[in-house]
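Enquirer:
In our numbering, the protein residues as written are 11 to 59.
If you want it as C-alpha cells, here you go:
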C-alpha cells in the first residue's frame, strides 16, 4: 500500500479526487446511519449545518 502511495505524484487531479471521494463516503455513511437509527431520523436539526 505504501509503495502505491509513493508512486503517486502530487497532482491537482489526485487532490480533487480525494477531496470529492472522502466527503462523499462520509456523507453516505451519515445518511445511512440517520435512516437506520429511528431516534436520529426524527432529528431534523441534523440537516442544518
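Note that the Cβ used here is the ideal one computed from N, Cα and C, for glycine as well. The model shown is predicted, which means the values in this text are computed figures rather than measured ones.
1. Please report the straight-line C-alpha distance between residue 20 and residue 52, rounded to a whole angstrom.
2. I'd like the list of long-range same chain contacts for residue 32, defined as Cβ closer than 6 Å, with 5 residues on each side in sequence excluded.
3. Per DSSP, what kind of secondary structure is residue 18 in: helix, strand or coil?
4. Are residue 30 and residue 24 closer than 9 Å when you measure CB to CB?
5. Rounded to a whole number of angstroms, what is the C-alpha to C-alpha distance between residue 12 and residue 42?
Expert: This is what the structure holds:
1. In the chain shown, residue 20 corresponds to position 10, counting from 1. In the chain shown, residue 52 corresponds to position 42, counting from 1. If I take the Cα positions, the gap works out to 43 Å.
2. Walking along the chain shown from the start, residue 32 turns up at place 22. Hits under 6 Å: none found.
3. In the chain shown, counting from the first residue as 1, residue 18 sits at position 8. Residue state, collapsed to three classes: coil.
4. Here residue 30 refers to the residue found at position 20 of the chain shown. Here residue 24 refers to the residue found at position 14 of the chain shown. For residue 30 and residue 24, no; Cβs fall outside 9 Å.
5. The residue you call residue 12 lines up with position 2 of the chain shown. The residue you call residue 42 lines up with position 32 of the chain shown. Their backbone Cα atoms lie some 31 Å apart in a straight line.
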